[in-house]
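For reference, the structure discussed in these notes is given below.
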Amino acid sequence: QKEVEQNSGPLSVPEGAIASLNCTYSDRGSQSFFWYRQYSGKSPELIMFIYSNGDKEDGRFTAQLNKASQYVSLLIRDSQPSDSATYLCAVNSGYALNFGKGTSLLVTP
Amino acid sequence: EAQVTQNPRYLITVTGKKLTVTCSQNMNHEYMSWYRQDPGLGLRQIYYSMNVEVTDKGDVPEGYKVSRKEKRNFPLILESPSPNQTSLYFCASSFGSGRGQETQYFGPGTRLLVL
Chain A
570 QKEVEQNSGP LSVPEGAIAS LNCTYSDRGS QSFFWYRQYS GKSPELIMFI YSNGDKEDGR
630 FTAQLNKASQ YVSLLIRDSQ PSDSATYLCA VNSGYALNFG KGTSLLVTP
Chain B
193 EAQVTQNPRY LITVTGKKLT VTCSQNMNHE YMSWYRQDPG LGLRQIYYSM NVEVTDKGDV
253 PEGYKVSRKE KRNFPLILES PSPNQTSLYF CASSFGSGRG QETQYFGPGT RLLVL
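Pasting the structure below:
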């Protein structure tokens, strides 16, 4: 089984700060990497995807990928209380998509 | 509205009583998938389908069956449910499994309790 590892948290940051979420994966053949956000009791929703090494920015979110280190991260700038949720890292492995267990983020006012 | 729908949303059943959870998408997606989500274990893939009549096992297929007779529908069948299948189930779909097509859209989830 291909592993996707995330720190479960909770990660607590004050409002306006930068939240940094990390993920490592075991399948060196993986090509596609995703970050999903899941509010309690709701279904996951896509935040970003990244395919190439480096940074990809979308609004307050930046995804970073380092394939050599098998590492992907998500930065959330100017964190808001509405960002409080569980963030799931997902990595493709062939036709399957493997998810990490998620990191719980709490943004405190 | 583009969406993935699941039915039922909540289900309480007893051990051994066959049940089906339906999943339907209206986005003409080729790829569909079923996941279960359990506390401390995260989202785990049960089965996926790359297209009509093409399915494959995910990480936790034991005790489940699927079929893909039409592009839009991907039902999950529990032939003889057991208490360890109590979980939150999500259906998801995407345009395909190739790069650039893999973004998965999730249904609202089905909470299953097996007594």
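Which chain is which? The protein sequence lines are A and B, in order.
End of the first sequence sits at 678 in the numbering used here; the numbers just go up one at a time, nothing left out.
End of the second sequence sits at 307 in the numbering used here; the numbers just go up one at a time, nothing left out.
Note that CB positions come from ideal geometry on N, CA and C, so glycine has one too.
Just to confirm, are residue i and residue j a CB contact at a threshold of 9 Å?
i, j, result
"CYS283 of chain B", "GLN198 of chain B", "yes"
"ARG260 of chain B", "THR247 of chain B", "yes"
"SER648 of chain A", "GLY585 of chain A", "yes"
"PHE603 of chain A", "GLU294 of chain B", "yes"
"VAL213 of chain B", "TYR297 of chain B", "no"
"ARG236 of chain B", "PRO300 of chain B", "no"
"LEU518 of chain A", "TYR239 of chain B", "Because chain A in this structure spans residues 570 to 678, residue 518 of chain A falls outside the shown range and cannot be described."
"THR207 of chain B", "LEU268 of chain B", "no"
If I'm right that residue i touches residue j with Cβ under 8 Å, what's the distance once you round it to whole angstroms?
i, j, result
"GLY663 of chain A", "CYS592 of chain A", "About 19 Å separates the two Cβ atoms, so there is no contact after all."
"LEU233 of chain B", "TYR256 of chain B", "In fact, because the Cβ distance is near 16 Å, the residues do not count as touching under 8 Å."
Looking only at its own chain, which residues have a Cβ that is under 7 Å from the Cβ of residue i, when we skip the five neighbours before and after it?
i, result
"ASN243 of chain B", "GLU222"
"SER601 of chain A", "PHE618, TYR620 and ASN661"
"ASN576 of chain A", "ASN591 and THR672"
Start and end of the beta strand (DSSP E) containing residue i?
i, result
"LYS210 of chain B", "Per DSSP, LYS210 of chain B belongs to no beta strand (DSSP E) and is neither H nor E."
"THR278 of chain B", "No beta strand (DSSP E) holds THR278 of chain B; DSSP gives it neither H nor E."
"ASP627 of chain A", "623 to 627"
"PRO579 of chain A", "Here PRO579 of chain A belongs to no beta strand (DSSP E), and DSSP marks it neither H nor E."
By Cβ distance below 6 Å, which residues in the same chain neighbour residue i in space, the five residues on each side in sequence not counted?
i, result
"SER595 of chain A", "LYS571 and GLU572"
"THR631 of chain A", "ASP624 and LEU644"
"ILE204 of chain B", "LEU305"
So, at 8 Å on beta carbons, what are the nonlocal neighbours of residue i in its own chain, with the 5 sequence-adjacent residues on each side left out?
i, result
"VAL582 of chain A", "ALA588, SER648, LEU674, LEU675, VAL676 and THR677"
So does the segment 205 to 223 of chain B actually touch the segment 605 to 621 of chain A, counting three or more Cβ pairs closer than 8 Å? Short answer: they don't touch.
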